[in-house]
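Asks: Right, I'll just put the structure down here and ask away after.
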Amino acid sequence: MTTQRFPPLPAARTFWQISPEWRQFWLSSAADWLFVLKTVLAALLALWLAYRFEMQSPRTAVVTVFIVMQARTGMVVAKGFYRALGTLVGSGVSLLLVAAFAQDRVVFLAGLALWVGFLTAGATLYRNFQSYAFVLAGYTACIVGLPAALDPIHAFDIATTRLSEVMLGIGVASVVSGLVFPLSSHHLLLTAARQRFDSLMHTTGRVLGFGVPRTQWAHLHLKAINDIMQLDSYRSFGVFEDQKTRAQNETVQQMSAELIAAASTLHLLNQHVLRVNRSAMNPVRDALDPLLGIGVRVLMAEPAASPAERLTQLAQWQQEITRQMPLIDQATRDQLNAKQRLALEATFLLLQQFLHELLHYGQHFLALQTPQLLASPASIAAAARAKRPLAERQFWHKTDGSQPLIAALRTMIVLVLMSWFWVSTAWPKGEMALIIAVAISALFATVPNPAKAAQQMGLGVFLSIALAFGFGFMILPHLYGYLGLAAGLTPFLMLGAYLMAQPKWAGMGAGFGIFFCTLAIPDNQLQAFNYLGMANNGVTLLIAIALLIIAFFTLMPAGNRLSRYRMVHALDKQMLVACARPLTGLRRAFERDTRELVRQVASIPGLKSAHNTAALSRALTVQALGRIVIELRKLTAPAVPPAATEPGFYPPAPRVTQPLPRLRRGPYWRRAARTAYPTLIPIEPPLDAAEAIAHFVDALAQLYRRPSRRHRLATRRALYRAEQFFAHPRDEAHAPGQRQIQIYLYLAQSLMTRLPGQTALPAPVEAMPLTPQDEVPPDAARNSIL
Amino acid sequence: MPREIPFFDALIPTILLILIVSAVLYFLVERLVQAVDLAAYVWHPALFRFAIFVILFSSLSLWWYS
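Protein chains in written order, with the numbering used here: chain A, 159 to 944; chain B, 3 to 68.
Listed below in structure tokens is the structure:
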């Protein structure tokens, strides 16, 4: 006999509690529907105002609303601001172009191509909406300039009309998004910061426990990089939002800078822990385990304590480490051989440094979470002490020079091809096709995978043409007055906004929203029900977008060999930066730029995962080794003369090696002859510490300048020689720095197997999931398109 | 009162200038509001700010055009 099982009864609930289904709906999709409501409201309001003000084409205002609308108020205002800026500059330039070259179409189009290409290149150098402003300044020149050049008498009117319509759209979108159920991005920033904090704690716990294997580490590392970028972009929206966020702007910047520092030390620490895990290091592991265990317990505690408590515990742990360090050192003195002792001391060194940085980060993090902490005088003083100069806090979008060049060339080629077609066929709609092709190709120039984005948009365009026909010839004739028009438009606008709210369909939604409005909303001087006109427009749109997709697939497609090669090279060049640039502020600059490049290498689409893994593993090596080299150079840099310590005096940057060697310059047959650098390491022992290190750093720079087996051997030899020198120290050589140098050399040694210049690629590691994009929150996905 | 003002031969609507002036005034008022932390007593700060701006702008333009 089987006992009958009943499904559990729903929990009794009092009358004010909503049912779980509603709760689920509220949590998951209420934000989307709110976005839809706001977008439709703003679009209809902008449409009404534009008709009311008797603007020429009210559709521009509606299109602007669709482009600018985002989930969070700060994002809307930020995007609106940069859109206004871009439109202003673009209109101005188009007027200049018309004034100068209106008579000659070839010169005019060439000037336009140069301007658009120049700005598209600029757009790849910036991030977020600043990049968007560049793009916009480029293609607005097209939108305004082409009609104006065809009708030069009214050029100024065309520019002002466009400007006022765009401004109206921006104004309405900002006001609606700020007044109707405003959603602040401040909360988003706090949540993201909290998540980063938690995952850093968790990762640290894993690193200290067992170490994270290399394949998983790459994934975690990428996620951390993306998270920090996300934080920075939330910060940049928040500035536009309210006073509270603006006041915390600096705190967030400081926090990100400290976070990067801590994460980079953690990277070194992880590599080291993996090494200590080997069986030869068992005594070290045994000596360390009780001490590390305390930290792991703090970090991995379930349920987690509050951040403030955790940080206090970590600070206590740091003191405990300082106290126990000499004890452990003494207790194990006889049992450990030289290598093991080095490993032990390296752990202490890295751990101390990491905790120092982590606690700094924690301080800023707490200040962000509880702003009243900032108000107390003690914390103000502490913050002022811990403050980094502006240059170290800011994020630059570091990239290889090939990226802007490719983007600019592609847009220019599209423009030239399209205008050649227009001029030679005297196509009446050529102007529109040109505008659309240039606008979209400029917009997608900054997306990691433009071809895919353009395809999605193409789907949206297709849908919009079909529905615009339906609307224009079946619904519009029955409508009367503005209210009727609004009622007829609402379902279509809702569809567009809803699609935009789904990260998966965002590109299609944007295409639909923009082009449906362009096609379907009647002008102020009524020329509706023009069947031919609409058919022509639709066909033009389709041709333009088809050409664009072809261009994106054929003209240096995303992930092409050139850009892949250049990106990996840019990473190699970071090593030269670490080896040869002046030391002041070098570590921050190196870490910031390397992270940025690592992120870009990882986001190149269409790479086979083995290639991707190899590139990424190379990048991680550069990051770790570069850090070590910088520390070594710092330790052996000549002491600053005492006069230099007075405030206001900046010592000349110490230079250990020759100026940054050029990377692969000139044709290959000349390159071979130019290897005049001293790659051979002298056999006799070095005279002093600085020389030994300088030889190693030089050899490394040579290797990264031109990876080859010979240079690799030379590097390993130089390292061996330096290690030998420090293993048998001369009598005067027992300065405290010497031991640290030895530790860093020891750390460098573990990376020697990963140097570039192998004859064959290293055996393909198991493919790791490299999808940094799939974890982007919906808000971010939405504003990456358009 | 002129409806448009010539500026290098381009006719600029006066209301645009009024808009700019009221934006400047608005930022001054905003500073004041922050100094007394009025936003803490207001139900909908964004609406409050918007209303201040509308009041400034419309009273200036009514005064100008009447």
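Backbone N, C-alpha and C fix where the C-beta goes; we use that ideal spot for every residue, glycine too.
Treat the numbers as computed from the prediction; the structure is a model and nothing was measured.
A659 of chain A and D190 of chain A - do their beta-carbons sit closer together than 7 Å?
Replies: yes
Asks: Using a beta-carbon distance cut-off of less than 8 Å, what residues from the stretch 46-68 of chain B approach chain A?
Replies: H46, P47, A48, L49 and F52
Asks: How many angstroms separate the CA atom of Q521 of chain A from the CA atom of L348 of chain A?
Replies: 15 Å
Asks: Does DSSP put E6 of chain B in a helix, a strand or coil?
Replies: In the three-state reduction of the DSSP assignment, E6 of chain B falls in the strand class.
Asks: When the Cβ atoms of the stretch 438-456 of chain A are set against those of the stretch 271-284 of chain A, are three or more pairs found closer than 8 Å?
Replies: no
Asks: Is the Cβ of R340 of chain A closer than 7 Å to any Cβ of chain B?
Replies: According to the sequence provided, residue 340 of chain A is Pro. The question's Arg does not apply to it. Interface residue, yes.
Asks: Cβ of L337 of chain A less than 7 Å from any chain B Cβ?
Replies: At least one chain B Cβ lies under 7 Å of L337 of chain A.
Asks: Check whether the Cβ atoms of T222 of chain A and V338 of chain A sit closer than 7 Å, and answer yes or no.
Replies: For T222 of chain A and V338 of chain A, no; Cβs fall outside 7 Å.
Asks: Taking the alpha carbon of L472 of chain A as the point to measure from, which residue in A:L270, A:V198, A:G616 and A:G363 has its own alpha carbon closest?
Replies: A:G363
Asks: If I'm right that Q476 of chain A touches L513 of chain A with Cβ under 8 Å, what's the distance once you round it to whole angstroms?
Replies: 5 Å
Asks: Are the CB atoms of A773 of chain A and L909 of chain A within a distance shorter than 7 Å?
Replies: no
Asks: Using a C-beta to C-beta distance shorter than 9 Å, which residues of chain B count as neighbours of V148 of chain A?
Replies: Look at the range of chain A in this structure, 159 to 944, and you will see that residue 148 of chain A is not part of it.
Asks: What is the DSSP secondary structure of A595 of chain A, counted as helix, strand or coil?
Replies: Reduced to three states, the DSSP call for A595 of chain A is helix.
Asks: By the 10 Å Cβ neighbour count, where 16 or more other Cβ atoms means buried, how is L485 of chain A classified, buried or exposed?
Replies: Exposed: under 16 other Cβ atoms inside 10 Å.
Asks: Name, please, each residue of chain B whose Cβ falls closer than 8 Å to the Cβ of V333 of chain A.
Replies: In chain order: F52.
Asks: Could you give the residue range of the beta strand (DSSP E) that holds I633 of chain A?
Replies: No beta strand (DSSP E) contains I633 of chain A, which DSSP labels as neither H nor E.
Asks: What is the residue span of the alpha helix (DSSP H) that I851 of chain A lies within?
Replies: Start and end: A847 to R863.
Asks: Give the DSSP bridge partners of P47 of chain B, in chain order.
Replies: DSSP output for P47 of chain B lists no bridge partner at all.
Asks: Apart from the five residues just before and just after L13 of chain B, which ones in its own chain have a Cβ nearer than 6 Å to its Cβ?
Replies: E6
Asks: Can you list, in chain order, the residues of its chain with a C-beta nearer than 8 Å to that of P351 of chain A? Leave out the 5 residues immediately preceding and following it.
Replies: The question names Pro, but residue 351 of chain A is Ala in the sequence shown. Correct list, in chain order: L389, V410, M413, F523, L526 and Q527.
Asks: Quick one: give me the first and last residue of the alpha helix (DSSP H) that P15 of chain B is part of.
Replies: Unbroken run through P15 of chain B is the beta strand (DSSP E), A12 to P15; no alpha helix (DSSP H).
Asks: Considering only the beta carbon of each residue, do F710 of chain A and P865 of chain A sit closer than 7 Å?
Replies: no
Asks: Would you say V220 of chain A and L205 of chain A are within 7 Å of each other, going by their C-beta atoms?
Replies: Contact flag set, yes.
Asks: Using the C-alpha atoms, what's the distance from G250 of chain A back to P914 of chain A?
Replies: 50 Å
Asks: Do V726 of chain A and V787 of chain A have their C-beta atoms within less than 7 Å of each other?
Replies: no
Asks: What does a CB cutoff of less than 8 Å around A644 of chain A pick up in its chain, not counting 5 residues either side in sequence?
Replies: L202, L205 and W206
Asks: Applying the criterion that 16 or more other CB atoms from any shown protein chain within 10 Å of the CB defines a buried residue, is K196 of chain A buried or exposed?
Replies: Result: buried.
Asks: Relative to the C-alpha of L246 of chain A, which residue among A:F292, A:G696, A:F395 and A:M666 is closest?
Replies: If we check each option's Cα against that of L246 of chain A, A:F292 comes out closest.
Asks: Please confirm whether A382 of chain A and A421 of chain A have their CB atoms less than 7 Å apart.
Replies: yes
Asks: If A591 of chain A and Y297 of chain A are in contact, beta carbons under 8 Å, what's the gap, nearest whole angstrom?
Replies: In fact, because the Cβ distance is near 14 Å, the residues do not count as touching under 8 Å.
Asks: Compare the beta carbon distance of F395 of chain A and A236 of chain A with 7 Å and say whether it is the shorter of the two.
Replies: yes
Asks: Quick check: the Cα distance between A53 of chain B and M227 of chain A, rounded to an integer number of angstroms?
Replies: One C-alpha to the other measures close to 22 Å.
Asks: Do you know offhand how far R719 of chain A's Cα is from Q288 of chain A's?
Replies: A direct Cα-to-Cα measurement between R719 of chain A and Q288 of chain A gives close to 28 Å.
Asks: Is it true that the CB of T231 of chain A sits closer than 7 Å to the CB of S391 of chain A?
Replies: no
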